[in-house]
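Chains X and F are the protein sequences, given in the same order.
Using the working numbering, the first residue of the first sequence is number 2, and each one after it goes up by one.
Using the working numbering, the first residue of the second sequence is number 13, and each one after it goes up by one.
C-beta atoms are modelled at their ideal positions from N, C-alpha and C, and glycine is treated no differently.
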Amino acid sequence: LFLTKNTPRAWIMSLGPDEFLARANGSHESTQQWEFSQMFGEDDETSQDESTDNWISSLSFDSTGAYLAVGYNCGQVVVLYQEDEHTYQLCCEFKSHNSEFDCLTSTEIEEKINAIEWYPFSGKNPQLMTCNDKTIKLFRVAMPNSDHDSGFPNARPRRVFQGGHAFNINSLAFNSDGETFISTDDLTINLWNVEIASEAFNIVNIKPDNMETLQEVITRSDFHPTSCNLFVYATSKGIMRMGDLRDSSLCDRPCKEFSDPAGAMGGFFEELVATISDCKFSPNGHFLLSRDYLSMKVWDLRKVNEPVQRIKFHEHLIPKLCDLYESDNIFDKFGCCWSGNSLQVMSGSYNGDFYICDAFQPGNITQLTLKANDSTWGQFDTSNKALHLDWHPKQDIISVGAKDCGYIYVRKDNVEDES
Amino acid sequence: KKKPQVGSVLSDIMDNPFYQSLTNEDIQVRTDAVKGLADFAEQIGPQRTLDVLLPTLSDICIDDEDEVLAPLAVELGKFLPLVGGETHIQPVLYLLEGLAKSEETSVCQKAVASLSAIGAQLSEGVFESHFVSLVIRLAESEWFPPKVSACPLFADALKRSSDAKKEQLLPLYVQLCQDETPMVRRAAASNLKNIFPLLHPDVILKYFLDVYHLLAKDPQDSVRFIIVEVAASLASTFRAHNLGEKSLELVKPVVLACAEDRSWRVRYMVASNFVLIANGIGAEATQSLVYVFVNLLKDSEAEVRTAASGKISGVSALLDTQKVISSILPCVAGLVNDDSQQVRSALASDVLLLAPIFGNEGTSQHLLNIFLRLLRDDVPDVRLNIISKLDQVTKVIGLDKLSEHLIPAIIELAEDRQWRIRLSVIRYIPPLAKQLNVDFFTEKLGDLCFGWLEDSVSSIRKASVENLKDLTAVFGEAFAVNNVLPKIVELSKKTNYLHRMTVLLFISQVSPALSEAALNNHILPLALTLASDPVANIRFGAASALETLFPRLSAVRHTILFSLFSFASTFVSHVLGNKTKSCQ
């Protein structure tokens with residue numbers, strides 16, 4: 002019995018890693034068909050506005066998939082609500098962060114929303130957390146009381162977590178205990194209690210004594226979906242380290258280190274393309290996904306010295322690496338994500354392209370292009386990059402953000418679909 | 013808290029400014045107003061409270077911000093008499109039930125506390141029909157915040173329930189202990205310690221045995237973390253019913269499992285609750301668990317060792333001395349050299365409390381070296397913790413054996429670079445002085461005490477003056493006059509005006525403790541000299557000092573007046589105007 006898109010998720014979640022792999026490897030799904038469903042965001046093609054204020058900087062479904070939050074460079078956050086199976090409507094919109102001036106360093110702290118994460122347990126009023134480079138904020142989306150007709154949904158600030166980071170925050174992740182979360186900047190990871198904004202515990206610190214010897218920064222981190230003690234962080238050296246909160250109060254010594262020396266491309270650009278731009282645990286908790294510049298890699302948590310799959314969908318970029326380096330595009334940070342059933346993974350690219358791949362079936366890659374990009378047909382457009390994307394946790398609905406537009410695609414396979 | 017203004021004739025509440033401020037646009041106005049709600053309700057009387065006030069509060073509860081709702085929940089807890097008694101309490105309970113469903117923990121907690129307060133005052137019939145049904149509704153909600161709120165209220169409900177009603181409530185609570193969200197399981201688990209004492213052991217076994225073991229193996233660390241306290245509570249409940257053996261049977265496996273849990277936080281809980289557990293299972297059973305405690309003292313995680321170190325004396329008190337010497341003391345010897353300063357610090361705070369247990373000979377033989385070693389620790393905090401608990405030791409063996417090491421240790425700390433450490437040392441001087449005779453003290457520590465008067469940090473100078481005041485109380489006036497005053501006089505002649513300010517501080521602080529003779533002969537001349545000081549601040553301070561001295565110096569009033577008037581410059585006299593008036 003192989004796993005397909007129709008297999009009940011609860012059953013999939015109950016499988017151990019080996020059983021899952023056995024069933025996932027054997028399945029041969031028919032070609033997927035994904036259909037553009039809707040677009041949201043600034044649709045002003047006539048605008049000559051060069052500003053990137055309205056560009057999307059982060060995107061996230063909540064744990065039920067009913068809500069989709071989108072963060073922008075200008076500090077705005079838009080929350081969409083799933084009205085019916087394929088339509089998302091505007092729920093509420095608010096200014097999450099304002100730009101600030103840091104007196105100590107005489108620099109501007111941008112209002113750009115670097116990360117959005119939803120509180121993992123849905124309540125009547127869902128909660129979400131946003132951050133810019135330095136400050137983390139918790140909001141509650143207050144839904145109007147059904148007894149009383151007044152009011153629209155609105156987002157209320159609940160808590161502000163600041164002063165925890167000397168460097169720029171790149172990710173947030175909630176613990177499955179519903180009580181704590183981690184925030185990560187270039188060199189440190191802090192553990193916070195959701196209720197307490199006045200203190201945080203520093204659990205990882207890779208800052209060297211002498212900053213001039215700095216070789217490695219942390220790029221992303223994630224908490225395990227069900228194990229409250231496991232978290233992972235990825236670095237610019239292309240490795241991922243797993244920490245176990247149970248081991249000790251300071252998790253500087255990782256319990257596992259995932260690296261893929263055999264997968265190295267070699268050459269002048271090796272170090273730059275090896276940087277991991279995003280990493281995510283699979284929803285079933287047995288695997289890890291990492292996105293480096295040229296590929297995605299799927300890892301079995303039990304095997305640290307090489308990934309289970311190397312999904313190469315960016316080979317066409319290799320001859321262009323020089324140009325991409327000159328234009329700084331080689332430093333672009335692409336996000337990646339899993340499907341809700343842990344069978345597929347997705348990541349974005351240039352030209353408005355994005356790729357949906359079977360995580361355990363080598364070669365089964367579907368390429369899609371964001372609608373409304375036909376105008377750049379024929380050219381290689383590095384400005385149109387699908388950096389931010391997310392997959393509905395319970396249905397085959399995906400959302401992709403590129404520039405100032407967000408897109409929603411829905412899977413619609415042919416009816417005659419063998420399982 | 014703004015007191016509501018209510019006239020003696022209240023024509024229309026709607027026009028009342030307080031009432032209007034409840035719905036003011038400015039959140040600060042609303043928050044302040046809400047804090048005076050109970051007073052307002054009292055003044056307008058039960059009828060208007062029910063007809064007008066509560067409906068308005070209902071609107072507020074639906075939509076307002078948490079900063080307003082939390083104090084509102086507090087005030088509602090006082091409303092039972094304000095609505096005319098329990099026949100009219102339903103609307104208030106309804107509002108509190110709504111607030112207890114809030115996602116904001118501060119609002120929930122206040123609502124729960126208010127519900128509890130009201131519930132305690134309800135008669136049995138109303139309690140059952142209104143309160144218990146409310147708790148059941150919260151527990152059966154589909155969302156997690158009401159379920160979390162329900163947990164503490166179950167104890168109230170069960171306290172007053174018949175056995176039959178308990179049978180209805182307990183299965184609900186067991187379900188909460190197994191809820192799919194960790195937040196609810198945590199709340200349910202942590203309230204078990206309030207519920208167990210209310211139940212007969214047979215009832216506990218019937219309903220909670222399975223769930224207790226499930227919680228002990230919960231995949232969430234934060235839930236297993238709580239089970240240690242639950243075990244302790246279980247143990248004491250069973251012992252109270254003379255079921256010590258059964259208690260041990262239930263508690264021991266859980267404690268052992270938690271003491272070896274992979275998560276250091278769970279082991280930490282065992283360490284910090286060890287005395288509680290030991291009290292729960294009894295001295296005899298504790299003897300068999302000593303090895304568990306010893307393992308915690310040697311745990312790989314410093315936080316766990318710190319927690320265990322703080323409980324050494326508590327645990328040792330329950331064991332016989334021989335056991336302590338053979339099992340625990342060897343560990344302590346190792347902990348004295350622990351890498352982590354927090355461990356050594358915790359050890360230093362606690363280990364001295366072993367002295368009364370060991371008695372004179374035992375302390376000298378087994379503990380003295382440990383104390384001395386900690387007294388020489390690199391980290392000031394550790395040394396301070398020893399010094400602060402020294403009275404425990406000196407009660408047992410006297411100070412002589414320690415003074416040889418103690419005095420240099422104190423002197424070293426007193427000259428530490430960090431002023432907060434110097435400050436902490438000063439605070440221990442008076443208690444220490446009580447155990448020394450005055451000559452010994454003056455010889456060894458006198459210079460130190462006077463040196464502090466000239467410290468560069470003003471907080472130190474202030475503390476040192478207080479110190480001298482306390483020392484005067486310990487050693488008596490003779491000490492002050494013979495030993496301290498000469499130094500003070502010396503200080504008053506220093507060129508730096510800050511030193512002379514310290515003298516003034518001394519005068520105002522210490523004078524109340526001195527006799528009139530001392531004041532006349534020694535203090536007054538000092539004050540008068542400073543009253544003609546070239547620095548205006550000093551003169552001003554001197555005048556203040558003279559003002560405090562005045563009531564006790566009847567014989568020389570005119571001398572003072574003369575002195576004051578003799579140097580009146582325009583500015584100074586202006587300022588001293590008040591002083592001279594009071595002198596007159």
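By the 16-neighbour rule on beta-carbons within 10 angstroms, C256 of chain X is exposed.
Taking 9 Å as the threshold, the shortest C-beta distance from R157 of chain X to chain F falls below it. Counting every other CB atom within 10 Å of its CB across the protein chains shown gives E257 of chain F a total below 16, marking it as exposed. CA-CA distance, S97 of chain X to D134 of chain X, rounds to 13 Å.
Shown here for R388 of chain F: not one same chain residue has a beta carbon closer than 6 Å to its own, the five before and five after excluded. Within the model, the alpha-carbon separation for K313 of chain X versus T367 of chain X is close to 12 Å. In terms of Cβ geometry, C189 of chain F and L227 of chain F form a close pair [threshold 9 Å]. For K47 of chain F against P83 of chain F, the beta-carbon gap comes to about 5 Å, under 8 Å, which counts as contact. Excluding the 5 residues flanking it on each side, T541 of chain F has no same chain C-beta neighbour closer than 6 Å. The C-beta distance from G341 of chain X to A403 of chain X rounds to 22 Å, too long to fall under 8 Å, and the pair is not in contact. Within the segment 216-257 of chain F, the complete alpha helix (DSSP H) runs of at least 4 residues fall at 233-252. The Cβ of S284 of chain F sits no closer than 9 Å to any Cβ of chain X. Of all residues in the segment 216-234 of chain X, only T227, S228, C229, N230 place a beta-carbon less than 9 Å from a beta-carbon of chain F.
If you look at R157 of chain X, you'll find it isn't in any alpha helix (DSSP H); it sits in the beta strand (DSSP E) that goes 155-162. Around the beta carbon of Q377 of chain F, fewer than 16 other beta carbons sit within 10 angstroms, so the residue counts as exposed.
Residues H511, R512, V515, L538, T541, L542 of the same chain have their beta carbon placed closer than 8 Å to that of S504 of chain F, with the five preceding and five following residues left out of the count. Think of a sphere of 8 Å around the beta carbon of E180 of chain X: the chain F residues whose beta carbon falls inside it are P194, M195, R198, S234, in chain order. Out of F:S153, F:L531, F:F453, the CA that lies nearest to the CA of E489 of chain F is found in F:L531.
In chain order, S64, F175, S177, G179 place their CB closer than 7 Å to the CB of P121 of chain X, counting only its own chain and leaving out the 5 sequence neighbours on each side. Taking 9 Å as the threshold, the shortest C-beta distance from N126 of chain X to chain F falls below it.
The DSSP-derived three-state label of N171 of chain X is strand. Under the three-state reduction of DSSP, D412 of chain F is assigned to helix. The continuous beta strand (DSSP E) containing C92 of chain X extends over residues 88-96. About 6 Å separates the CB atoms of V95 of chain F and T61 of chain F; that is less than 8 Å, so the two are in contact. The C-beta of S61 of chain X comes no closer than 9 Å to any C-beta of chain F.
By a beta-carbon distance limit of 8 Å, I207 of chain X contacts I219 of chain X. Their separation comes to about 7 Å. When DSSP states are grouped into helix, strand and coil, H389 of chain X belongs to the strand group. Here the alpha carbon of C358 of chain X sits roughly 37 Å from the alpha carbon of R274 of chain F.
The beta-bridge partner set that DSSP reports for G244 of chain X consists of X:F232.
For A167 of chain F, the uninterrupted alpha helix (DSSP H) run begins and ends at 156-171, by DSSP. When 8 Å is used as the limit between beta carbons, D350 of chain F is near no residue of chain X, the shortest such separation being about 15 Å. Counting C-beta atoms within 10 angstroms of its own C-beta, V547 of chain F has fewer than 16 neighbours from the protein chains shown and is therefore classed as exposed. Boundaries of the alpha helix (DSSP H) harbouring T117 of chain F: 117-133, taken from the DSSP string. In the structure shown, the three-state DSSP call for C270 of chain F is helix. Boundaries of the beta strand (DSSP E) harbouring W300 of chain X: 296-301, taken from the DSSP string.
By the criterion of at least three beta-carbon pairs nearer than 8 Å, the segment 187-201 of chain F is in contact with the segment 230-241 of chain F.
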